[in-house]
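Working notes for the structure below.
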Amino acid sequence: MSIVLKENLEKVLEQIEEAKKKSKYNEDVKLIAVTKTHPVEVIREALALGVTDIGENKVQELTGKIDEIGDAVNYHMIGRLQTNKIKYIVGKVSLIQSIDREPILAEIDKRSAKAGIITEGLIQVNVAGEEQKGGVCYDDVYKFIELCQKYGNIRIRGLMTVAPYTEDKDFLRDVFRKMRSLYDKIASENYDNLRMDYLSMGMSSDFELAIEEGANMVRIGSKIFGERDYRR
Ligand SMILES: *Cc1c(COP(=O)(O)O)cnc(C)c1O
């Protein structure tokens, strides 16, 4: 068992609790441990330490890990989606967090219907209008929700965002606040196949701020598993 992993995880869980105390939202915060680039043995250690949900951003890596680990953990797809790979994850993941365009909705719906299941997901929002990033533009989220209504085999459970990478805490706080207010606004309205249960925002560098401003799901990788080595 890795002592470092245990210590890192304990520290992150403590920091989550501290951030919750500073938040005016009295909600549980679900931790998604982001295991991309880390081998199955490391994931098994994390599971032994109580991790229940893991996130991956590449379909091939995700399905490989699902084949080895099986249903001992909940899987979250958090990376950019391609229509031709949707078929490999439908029915295997708990939550597809990165839904952001209609062809993706159509394909998830089609594959789910074929499998006789409802697939749950989050709408990824590009809150700061960053061109290189995925996500529905903040101002187009309502339009996108209307589109979602056409697809009966998908249930939207909330919103996800990847905040801009910056040291500017005020700017970040603003981004998280904007997301929470959109989330609350959508939650106050009635849609058939949509509920606002999860607001997934906050990563290693900004999860405390995100929780303070209303995140109830955080996706944390390097703070738990160490820096990633992409050459592997
Ligand atoms: C990699 C990744 C994370 C985790 O990043 P860390 O900075 O290592 O915590 C969270 N969300 C998404 C979408 C990611 O791709």
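The opening residue of the sequence shown carries number -11 in this note's numbering; numbering runs sequentially from there.
Glycine is no exception: its CB is placed at the ideal position from the N, C-alpha and C atoms.
Treat the numbers as computed from the prediction; the structure is a model and nothing was measured.
- Remark: three or more beta-carbon pairs, one from each stretch, lie closer than 8 Å, so the region 138 to 145 and the region 88 to 98 are flagged as touching.
- Note on geometry: alpha-carbon atoms of residue 151 and residue 164 lie some 8 Å from one another.
- Remark: the shortest separation between the CB of residue 146 and any heavy atom of ligand 1 does not fall under 7 Å.
- A straight-line Cα-Cα distance of about 35 Å links residue 200 and residue 105.
- Residue 49 and residue 61 have their C-alpha atoms roughly 15 Å apart.
- Between the region 19 to 33 and the region 52 to 67 there are three or more C-beta pairs closer than 8 Å, enough to call the two in contact.
- Contact between residue 135 and residue 90 holds: CB atoms are separated by about 6 Å, below the 8 Å threshold.
- For residue 169, the enclosing alpha helix (DSSP H) stretches over residues 157 to 175.
- Around residue 3, the same chain offers 195 and 196 as residues with beta carbons nearer than 8 Å, after the five sequence neighbours per side are excluded.
- Secondary structure within the region 31 to 96: the beta strand (DSSP E) runs of 3 or more consecutive residues, fully enclosed, are 41 to 44, 62 to 65 and 83 to 87 (chain order).
- Taking a cut-off of 8 Å for Cβ pairs, the region 152 to 172 and the region 108 to 118 touch, as three or more such pairs fall below it.
- Of the candidates 81, 153, 205 and 158, the residue whose Cα lies closest to the Cα of residue 171 is 205.
- Not a single heavy atom of ligand 1 lies less than 7 Å from the C-beta of residue 57.
- Of all alpha-carbon atoms in 65, 100 and 76, the one lying nearest the alpha-carbon of residue 84 is that of 65.
- A distance below 8 Å separates the beta carbons of residue 110 and residue 188.
- Counting the other Cβ atoms within 10 Å of the Cβ of residue 86 gives 16 or more, which makes it buried.
- Note that the C-beta distance between residue 137 and residue 181 is below 8 Å.
- The alpha carbon of residue 67 has as its nearest neighbour, out of 214, 75, 131 and 123, the alpha carbon of 123.
- Here residue 108 carries a strand assignment [DSSP, helix/strand/coil].
- CA-to-CA, the gap between residue 154 and residue 108 works out to about 31 Å.
- If you draw a straight line from the Cα of residue -7 to the Cα of residue 41, it comes to about 16 Å.
- A check of alpha carbon separations from residue 15 across 25, 198 and 216 identifies 198 as the nearest.
- Secondary-structure assignment with DSSP links residue 141 through no beta bridge to anything.
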